[in-house]
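In our numbering, the protein residues as written are 1163 to 1303.
Yeah, the Cβ is synthetic: ideal placement off N, Cα and C, and Gly gets one too.
These notes are about the structure you will find just below.
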């Protein structure tokens, strides 16, 4: 199981700045939501010996939003789930021994759901939260 660090970011966030003291490889996922579709993008960020940071797009996933009207927090939960799945698949495919992944979202509701118990939620939210908690380690957030 990968340890994931959840942080909030504005929807227009495009570049992630990394400290020069960070690991040589740092997977990051960023999620985007519009009312008719949602997507997630995974970046791999490396640090050269002369402290230059390079960032590469390695994978993305997008889906069409359900026809049934949903609240934005529920759609953001769906985005977080595909982001966690993508990060988990990326870690296993690349056989990386990375201790943390940064996942970016701009919804505080989702962050609250992830860090709380899924048992007291309605089934849709509980299922999403349970999957996120099984794929990630929200205690590190």
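Between residue 1243 and residue 1198, the beta carbon gap of about 18 Å keeps them out of contact (Cβ cut-off 8 Å).
For residue 1220, same chain residues with a beta-carbon under 7 Å away, outside a window of 5 residues either side, are 1204, 1205, 1206 and 1252 in chain order. Residue 1200 and residue 1210 have their C-alpha atoms some 33 Å from each other. Taking the Cα of residue 1276 as reference, the smallest distance to any Cα among 1240, 1232, 1248 and 1258 is reached at 1240. The Cβ atoms of residue 1228 and residue 1269 do not sit closer than 8 Å to each other.
Runs of the beta strand (DSSP E) lying entirely within the stretch 1187-1235, each at least 3 residues long, are 1187-1196, 1199-1209 and 1215-1226 in chain order.
By the 16-neighbour rule on beta-carbons within 10 angstroms, residue 1213 is exposed.
When the alpha-carbon of residue 1271 is set against those of 1258, 1208, 1291 and 1202, the nearest one is in 1291. Under the DSSP assignment, residue 1270 falls in the alpha helix (DSSP H) whose first and last residues are 1270-1277. Within its own chain, the residues whose Cβ lies closer than 8 Å to the Cβ of residue 1287, once the five positions on either side in sequence are excluded, are 1236, 1239, 1275 and 1280, listed in chain order.
When C-alpha distances from residue 1232 are compared across 1296, 1196 and 1273, the shortest belongs to 1196.
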